[in-house]
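Q:
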Amino acid sequence: MEKLRTVIVDASDNHRNKLSQLIEGHTALQHEGSFRNAIHAKKESIDQIADIVFLDIEMPLINAFDLIDTFQGKPEIILLCDKADYAAKAFDYHITDYLLKPVSYDRFRKAVNRAKENLKLRADAEEKAHFFVKSNLRKVKINYCDIKWIEALGDYIKLVTQKSNHVVLSSMKAFEKELPAEHFIRIHKSYIININRVQNLNHAVVEVEGHQMPISRKRRSELMLALGL
């Protein structure tokens, strides 16, 4: 099992040392580094290298919330403070947990377990957001949200996406089973569309990203229901 990269940002040498010991003694964590202030942490782009950040709120010059505002990555953030005054503000930042100093082993363990669960949920969601197809003798990653429509081409299908098109050996019926039903619907024997990309429609034609496709009579009511019309 791959360990979770963990970073500490805390102005107190004593607290950094105690947290380092807890992290190094945890089988699921890998200690990537400790920083005494937010300036050094920002310079090292900790949001890009860490899965979990233990972050002291009251640091000199730049506090925890100012540092979080600069993050581009999305690590699990566990805030540290010797008082509960910032708990409400922490809620607005969707913080993983809020630990009062000195940190007990039990609270540390619970916070890590919560971070692990959040990371797993995010990984599962990301895995469900895309799939791979074989196109032109290579495997291509396709994000479901990028698909505009799927078109039948004999023994093949054509995936029309935001960035490019891909011809894949598959039947429409087989491919339809692999698509999330809440976002895709078959409107004709030759077309499956992403309902989030529909622009216009009438009783016979639907327009998706500027491209018009026919709606079969038996599929019309199903499409209208999916669109909430």
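Reminder that position 160 of the sequence shown reads as 165 in the numbering used here, one-by-one numbering, no gaps.
All residues carry an ideal CB built from backbone N, CA and C; glycine is no exception.
Which residue comes first and which comes last in the alpha helix (DSSP H) that contains lysine 23?
A: 18 to 29
Q: CA-CA distance, asparagine 141 and serine 195?
A: 22 Å
Q: Looking at C-beta atoms only, is the number of pairs between the segment 103 to 122 and the segment 151 to 169 that lie closer than 8 Å three or more?
A: Judged by Cβ distances under 8 Å, the segment 103 to 122 makes no contact with the segment 151 to 169, as fewer than three pairs qualify.
Q: Which same chain residues, not among the five before or five after isoleucine 44, have their C-beta less than 8 Å away from its C-beta?
A: Leu66, Ile67
Q: Determine the direct distance from the alpha carbon of alanine 231 to that of glutamate 214, and round the result to whole angstroms.
A: 18 Å
Q: When the Cα of alanine 78 is compared with those of Lys47, Asp87, Ala33, which residue comes out closest?
A: Inspection of the sequence shows that residue 78 is occupied by glycine rather than by alanine. Ranking Lys47, Asp87, Ala33 by Cα distance to glycine 78 puts Lys47 first.
Q: One question on the structure: do leucine 24 and leucine 85 come within less than 9 Å of each other, judged by their Cβ atoms?
A: In this structure, leucine 24 lies near leucine 85, with their beta-carbon atoms less than 9 Å apart.
Q: Taking the beta strand (DSSP E) that glutamine 35 belongs to, which residues open and close that run?
A: 34 to 40
Q: Lysine 146 lies in the alpha helix (DSSP H); which residues open and close that run?
A: Element bounds for lysine 146: not the alpha helix (DSSP H) but the beta strand (DSSP E), 143 to 148.
Q: Helix or strand or just coil, what does DSSP make of glutamine 77?
A: coil
Q: Taking the straight line between their C-alpha atoms, what separation do you get for asparagine 201 and glutamate 212?
A: As the crow flies, the alpha-carbon of asparagine 201 is around 12 Å from that of glutamate 212.
Q: Only counting the same chain, and skipping five residues up and downstream in sequence, which positions put a Cβ closer than 7 Å to that of histidine 135?
A: Lys146, Ile147, Asn148, Tyr149
Q: Are the segment 94 to 103 and the segment 26 to 45 in contact at 8 Å, needing three or more beta carbon pairs?
A: Cβ pair count under 8 Å is below three, so no.
Q: Pick from Met177, Ile51, Arg114, Ile198: whose alpha carbon is nearest that of glutamate 187?
A: Ile198
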